[in-house]
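Just so you know, the protein sequences line up as chains A and B, in that order. First residue of the first sequence? That's 1099 in our numbering, and the numbers climb one at a time after it. First residue of the second sequence? That's 124 in our numbering, and the numbers climb one at a time after it. Heads up, the beta-carbon is just placed ideally off N, CA and C, and yes, glycines get one too. What follows is a set of notes on a single structure, which appears directly below.
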Amino acid sequence: MIAQPVLEWQFGQVTGITTETPRTKSFRLALPKWIPHRPGQHYDVRLTAPDGYRAERSYSAASEPERIGELELTVELIDDGEVSPYMHDVLVRGDQLEVRGPIGGYFVWDVTLGGPLLLVGGGSGVVPLMAMLRHRAAQRAQIPTRLLYSSRSPDEVIYRAELDALANSDTGLEVDFTFTRSVSPGWMGYRRRIDSSMLNEVVRPLGKDVRAYVCGPTSLVESVANALVAMGLPAERVLTERFGPTGT
Amino acid sequence: MFSRGFSGRRRSADVEKRLPPGQYLTTDFPVLSAGPTPHIALEQWSFTLEGLVKSPVTWSWDDFLKLPSQTFTVDISCVTKWTKLDTKWHGVSVDRLLEGVEVDPAGRYVMAFSEAGYTTNIPLAELVNGQAFVAYQFDDKPLAPEHGGPARLVVPHLYFWKSAKWIRGLRILERDEPGFWEALGYNMHGDPWKEERYTGD
């Protein structure tokens, strides 16, 4: 057992907010007690009302641990949510946001774990995978890596420009998109939910020793993880992070 | 210090008093698992009580269904912040299971163990007197694999990672030892009302 640090709450100052898509924003925080996270870990965010009422949520770190002193969280707006609407509509640069972390020691990857690496994300499930890709790039690692990223439509793709730039500048990385509702005119790529034949095409070049990280809505994670195991990947090399209700 | 411009989304007083600190109400049933969902054939399934017991006992699926069972309606809280009220389960209380063995007086802790290697630790005193059960039905239907079926431990007064999915047995121990999540930074005990989420909380 690795000794675990006790996690303290701290206030980070919001140093920048980026609108990624109509429903997602990234928040950069300067943390006074920053410690390096492992890509894939998350932070808890806590909001406190004047009367002491509190709400907490968990958000994956989007930043790479090489970015010393800063934490970036990418947050999807949930319509009937409590914390994400506050972060989207109220929080501005210069505000203080209370966080603690990093949390979670299982759904993590760094270059010391090696590859080949298969990342499968659905919607905002790409966020912890982005931390892994940014870390891989910061380390100039050549570990063969593929990201398969499912979105409903092109305007919902988070980090599109950065992903394209990473894939173009790095022969070891390939990024595949699939769209489940609508595509751009002339789109020649995947346009369906991730299925076994798509996974086969993406995984085959990586070989049998792949480490897989799957993050997204429960229905996507269940079907992708089941398909990967059915393809012969050992279950202990398929790591999952799920969000959202069952079956929707 | 409070959060500028935050007032919060309050629930009725009846609901608020049932939500542990930092938790929000959900009516869905979210799925949290570290890996793929195992799909377990019932004829392969068994449940074992072992460790500090006079003689270990193992039930097959058919034998397990013959044990006296009951319906439990409980509130459950996940460390990922959701709480679900009035969840309805059917299964066998840990008290009933322990009637099948003679526990060594030195046995004070339990390691629940599951298919696919998942483990979690719980003090024995917190599994008895109606506090915990092994469930094989949820909402009057067989427990779905993604929710831990065919059977999961349910310890409603602790965060839900203690309610081991795909349970295969309980090992009685003399000393407390960390299970899977407990070794990865989560709390050894996990009481939602004390917000024992992580190491040192």
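- Item | Whole alpha helix (DSSP H) elements within the region 1163-1212 of chain A, 4-residue minimum | DSSP runs (the alpha helix (DSSP H)) wholly in the region 1163-1212 of chain A: 1182-1187.
- Quick one: list the residues of chain B neighbouring A:V1104, beta-carbon separation under 7 angstroms, in chain order. In chain order: T322 and G323.
- chain A within 8 angstroms of B:E225, Cβ atoms only: Cβ-Cβ to chain A under 8 angstroms: no for B:E225.
- Item | Contact between the region 148-163 of chain B and the region 1326-1338 of chain A (3+ Cβ pairs under 8 angstroms) | With the cut-off at 8 angstroms, the region 148-163 of chain B and the region 1326-1338 of chain A touch.
- Entirely within the region 1206-1266 of chain A and at least 3 residues each: give me those beta strand (DSSP E) ranges in chain order. Whole beta strand (DSSP E) segments, 3+ residues: 1215-1220 and 1243-1249.
- Query: Using a C-beta to C-beta distance shorter than 7 angstroms, which residues of chain A count as neighbours of B:K204?
  - Reply: Proximity of chain A to B:K204 at the Cβ level (cut-off 7 angstroms) is accounted for by E1154, R1155 and S1156, in chain order.
- Same chain, Cβ closer than 6 angstroms to B:D209, neighbours up to 5 away in sequence not counted: Scanning its chain for C-beta atoms nearer than 6 angstroms, with the 5 sequence neighbours on each side dropped, one finds around B:D209 the residues T196, in chain order.
- What did DSSP end up calling A:Q1111 once you bin it into helix, strand or coil? Here DSSP, grouped into helix, strand and coil, assigns A:Q1111 to strand.
- Task: Would you mind working out which of A:F1109, A:L1145 and A:G1219 sits nearest A:R1244, comparing C-alpha positions?
- Result: Checking every option, the nearest Cα to that of A:R1244 belongs to A:G1219.
- Task: Can you say whether B:G323 is buried or exposed, counting buried as having 16 or more other CB atoms within 10 angstroms of its CB?
- Result: It is exposed - the Cβ of B:G323 has fewer than 16 other Cβ atoms within 10 Å.
- Task: Determine, using beta carbons only, whether A:Y1151 and A:R1198 come nearer to each other than 8 angstroms.
- Result: No, the Cβ-Cβ distance between A:Y1151 and A:R1198 is not below 8 angstroms.
- 8 angstroms Cβ cutoff, B:A239 in contact with chain A: At a cut-off of 8 angstroms, the C-beta of B:A239 has a neighbouring C-beta in chain A.
- Task: Starting from the C-beta of A:S1251, find all residues in its chain whose C-beta is less than 7 angstroms away, skip the five residues before and the five after it, and write them out in chain order.
- Result: Excluding the 5 residues flanking it on each side, A:S1251 has same chain C-beta neighbours closer than 7 angstroms at F1277, R1279 and S1280, in chain order.
- Message: I'd like the span of the beta strand (DSSP E) that includes A:E1272, first residue to last.
- Response: Unbroken beta strand (DSSP E) run through A:E1272: L1271 to F1277.
- Task: Starting from the beta carbon of B:V138, find every residue of chain A whose beta carbon is closer than 7 angstroms, and list them in chain order.
- Result: Within 7 angstroms Cβ-Cβ: nothing; B:V138 doesn't reach chain A, min ~13 angstroms.
- Message: Cβ closer than 8 angstroms: which chain B residues qualify as neighbours of A:A1147?
- Response: Taking a Cβ-Cβ threshold of 8 angstroms, the residues of chain B close to A:A1147 are F125, S126, F129, S130 and G131, in chain order.
- Message: Just to confirm my understanding: we take B:P265, look at its own chain, exclude 5 residues before and 5 after, and list those with CB closer than 8 angstroms. What are they?
- Response: Non-local beta-carbon contacts of B:P265 in its own chain, meaning distances under 8 angstroms to residues more than five positions away in sequence, involve Y259, G272 and P273 in chain order.
- Any chain A beta carbon closer than 8 angstroms to B:V154: Contact with chain A is found for B:V154, since one of that chain's Cβ atoms lies less than 8 angstroms from the residue's Cβ.
- Query: Going by alpha carbons, who is nearest to A:W1202 out of A:P1130, A:G1221, A:S1158 and A:E1196?
  - Reply: Here residue 1202 of chain A turns out to be Gly, not Trp, going by the sequence shown. Minimum Cα distance to A:G1202 is reached at A:S1158.
- Message: Measuring alpha carbon to alpha carbon, tell me which residue in A:G1110, A:L1217, A:E1196 and A:K1306 is nearest A:F1205.
- Response: By alpha-carbon distance to A:F1205, the top candidate from A:G1110, A:L1217, A:E1196 and A:K1306 is A:L1217.
- Going along the chain, which residues of its own chain have a beta-carbon closer than 7 angstroms to the beta-carbon of A:A1160, five neighbours each way excluded? Cβ contact annotation for A:A1160 (same chain, cutoff 7 angstroms, sequence separation greater than five): S1124, E1170, L1171, T1172, V1225, M1228 and A1229, in chain order.
- Tell me whether B:L190 sits in a helix, a strand or coil according to DSSP, three-state version. In this structure, B:L190 counts as coil in the three-state DSSP scheme.
- Task: Give the residues of chain A in contact with B:T160, contact being defined as C-beta atoms less than 8 angstroms apart.
- Result: Neighbours of B:T160 on chain A, chain order: E1320, A1323 and N1324.
- Quick one: residues in its chain with C-beta nearer than 7 angstroms to the C-beta of A:G1114, no 5 flanking neighbours on either side, listed in chain order? The beta carbon of A:G1114 sits closer than 7 angstroms to the beta carbons of R1126 and R1191 from its chain, once the five residues preceding and following it are set aside; these are given in chain order.
- Compare the beta carbon distance of B:E173 and B:G292 with 8 angstroms and say whether it is the shorter of the two. Result yes, Cβ atoms of B:E173 and B:G292 sit closer than 8 angstroms.
- Do we get a CB-CB distance below 8 angstroms when we pair B:Y147 with the residues of chain A? Chain A contact via Cβ: present.
- Task: Measuring alpha carbon to alpha carbon, tell me which of A:L1215, A:R1258 and A:D1177 ends up nearest A:R1234.
- Result: Distance check between A:R1234 and each of A:L1215, A:R1258 and A:D1177 places A:L1215 closest, using alpha-carbon atoms only.
- Kindly list the residues whose CB is nearer than 7 angstroms to the CB of B:L276, restricted to its own chain and excluding five residues on each side of it in sequence; keep chain order. Once the five neighbours on either side are set aside, the close Cβ partners of B:L276 are A235, A255, V257, S286, A287 and I290.
- Distance, A:V1273 Cα to A:K1306 Cα: If I take the Cα positions, the gap works out to 19 angstroms.
- Where the beta strand (DSSP E) containing B:R127 begins and where it ends: For B:R127, there is no enclosing beta strand (DSSP E), since its DSSP letter is neither H nor E.
- Message: If we define contact as Cβ-Cβ less than 8 angstroms, is A:Q1194 a contact residue for chain B?
- Response: For A:Q1194, the answer is yes, since a Cβ of chain B falls inside 8 angstroms of its Cβ.
- How many whole angstroms separate the CB atoms of B:D325 and B:Y232, which I take to be in contact at a CB cut-off of 8 angstroms? One cannot answer for residue 325 of chain B here, as it falls past the ends of chain B, which runs 124 to 324.
- Message: As a quick exercise: from B:Y282, B:L220 and B:L296, pick the residue whose alpha carbon is nearest that of B:E319.
- Response: Measuring from the Cα of B:E319, the nearest candidate turns out to be B:Y282.
- Message: Measuring alpha carbon to alpha carbon, tell me which residue in B:S178, B:M124, B:Q146 and B:Y147 is nearest B:V226.
- Response: Measuring from the Cα of B:V226, the nearest candidate turns out to be B:S178.
- Assuming B:P301 contacts B:N244 (C-beta within less than 8 angstroms), just tell me the rounded distance between them. Taking the Cβ atoms as the reference, B:P301 lies roughly 6 angstroms from B:N244, within the contact range of under 8 angstroms.
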